[in-house]
Structure formats: C-alpha cells, structure tokens
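Novice: First the structure, then my questions, so here it is.
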Amino acid sequence: MVALSVLVVSAIIAAVSAIPAAVDPVITKIDPEGLRYGYIRDDEGNPHLVDSWLKASDLRNMARYNPDVDNEYHLYTRSNPLVSQPLVQGNNALLAASHFDPSKRTIILIHGFLGNILSGFNTVLVPAFILAGDVNVIVVDWGAGAHLGFNGISSGRSVGRFIDWLNQASGANVENYHILGYSVGAHQAGIVGRSLLGRPSYLT
C-alpha cells in the first residue's frame, strides 16, 4: 500500500513537472474583447508592435520606474531658447536661478511612447512657442518610463506634483498653463490636469 502511494505521488509530481510554467504570466487583459497585439507609433511616427495585456514583467518594469526621481524637467525661454535649464522638484535655489517667470504663460510639453527630450514633438514645438510669444516652455522628459504605456499614469501624477510645487515655490498661477501631450503623453496630460490643485486653462 505504501509502495502504491509513493508510486501515485511520484506520478503526480512527474505530471505536474511536465506542465510548462508560464514564463511571463498575464495579470490582466486591458481589453478582453480586443486584440492582444497592436501597433503604436513613437514620436517619430515609427510603428512598434506592443502587447496590450498587462504581464508580470510589466509590473516589474513599472516598479523600477520612479517618476519622482527619473523624470526630468527642462525649461526654455526667450533668454535660453536653445539650451535648457533643469528644474528639480524641491530645489528652490535652482528655480530662483533660472529664467522661469511666474507672471508669464507656461507651456508644458509631454512626449509620447519611446520618446525623450529630443523627440520631434519637442524640437518642433519648443522654438514655435518661444517664437510666437514670451512664454515659459517646460519639456517633461519621462523617457526612463516611456517604453511602457502603463507608466503614463504614475508619470502624469508625478508631473502634477511637480507643477503644484512649481506654483507654490514661484507664485505662478495654474490657470496660466497650457499642457500638451502627444500619443501616450496626451493621456498623461489629462492625468496631470486631474491631479493638479487647480485647473489649467488648456489641455491639448
């Protein structure tokens, strides 16, 4: 009887071991009725095949990305139209030494999927806004997380915290803001708008 029990247990273990383990299990299907794979264009218009289902590896990648640390903010004005000045949340001395003028309109630019500060979205719009008016233009570089669309949520909330700090530290008015995003950055712009202490004039 004992030998039979050992044989049965051994058979069960062998059967379970033969089942291939999920290398990257799916956590949730964002759109159960939709296609799993689709193409998303980056800031330069190049298509990339992406998996729209949330997997365990996505959660690991999301945990590695900390937008409060990884996001970078670059200020451009008519006084520095070509070379940006970095702004760091909580660093009031750096803000005071910059050309940021709280009395002027502020444009926030948020690039899209796989983008960064050098994306065409930024290189075209920064000079266009500065040429059109005497404004502050702040480019949000969330390139450290832009390889995964899900990171747009945490990044958007982080950008909102940055803007709230900027306004409190400088006296700028959130109603004097225009927040623009491209691709996933456009979704992020909406998240920024919802997370702010006030409401910006424009979201694009």
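Residues -6 to 197 in this note's numbering are what the sequence shown lists, from first letter to last.
Every residue, glycine too, gets a C-beta built ideally from N, C-alpha and C.
To the nearest whole angstrom, what separates the beta carbons of L47 and I20, a pair I think is in contact under 8 Å?
Specialist: 5 Å between Cβ atoms; contact.
Novice: Whole angstroms are fine: how far does the CA of V117 sit from the CA of E37?
Specialist: Those two C-alpha atoms are separated by around 12 Å.
Novice: Quick one: what's got a C-beta closer than 6 Å to H180's C-beta in the same chain, skipping five residues either side?
Specialist: Closer than 6 Å at Cβ, skipping near neighbours: G145.
Novice: For P40, which of G105, N84 and L189 has the nearest alpha-carbon?
Specialist: P40 has its Cα closest to that of G105, out of G105, N84 and L189.
Novice: Locate the beta strand (DSSP E) running through I172, then write down its first and last residues.
Specialist: Run containing I172: Y170 to G174, per the beta strand (DSSP E) assignment.
Novice: Beta-carbon separation of D24 and R71 under 7 Å?
Specialist: Taking 7 Å as the Cβ cut-off, D24 and R71 do not qualify as a contacting pair.
Novice: Among all the DSSP beta bridges, which residues are the ones paired with Y32?
Specialist: Paired residue(s): L42.
Novice: Is the separation between the beta-carbon of F155 and that of N129 shorter than 7 Å?
Specialist: It is not a contact, given that the beta carbons lie outside the stated cut-off.
Novice: Taking DSSP as the reference, what is the three-state secondary structure of I110?
Specialist: Residue state, collapsed to three classes: coil.
Novice: Between which two residues does the beta strand (DSSP E) carrying D134 extend?
Specialist: Unbroken beta strand (DSSP E) run through D134: N129 to D134.
Novice: Going by C-alpha to C-alpha distance, which of G178, A89, I110 and I101 sits closest to G164?
Specialist: Residue A89 is the option with its Cα nearest to G164.
Novice: Need the endpoints of the beta strand (DSSP E) that T73 sits in, please.
Specialist: The identity of residue 73 in the sequence shown is Asn, whereas the question assumes Thr. It spans N73 to L80 - the beta strand (DSSP E) in which N73 sits, taken as one unbroken run.
Novice: For P18, count the other beta carbons within 10 Å of its own beta carbon; 16 or more makes it buried, fewer makes it exposed. Which is it?
Specialist: With fewer than 16 Cβ atoms within 10 Å of its Cβ, P18 is classed as exposed.
Novice: Can you name, in chain order, every residue of its own chain whose Cβ lies under 8 Å from the Cβ of D63, other than the five neighbours on each side?
Specialist: W135, A137 and G138, listed in sequence order.
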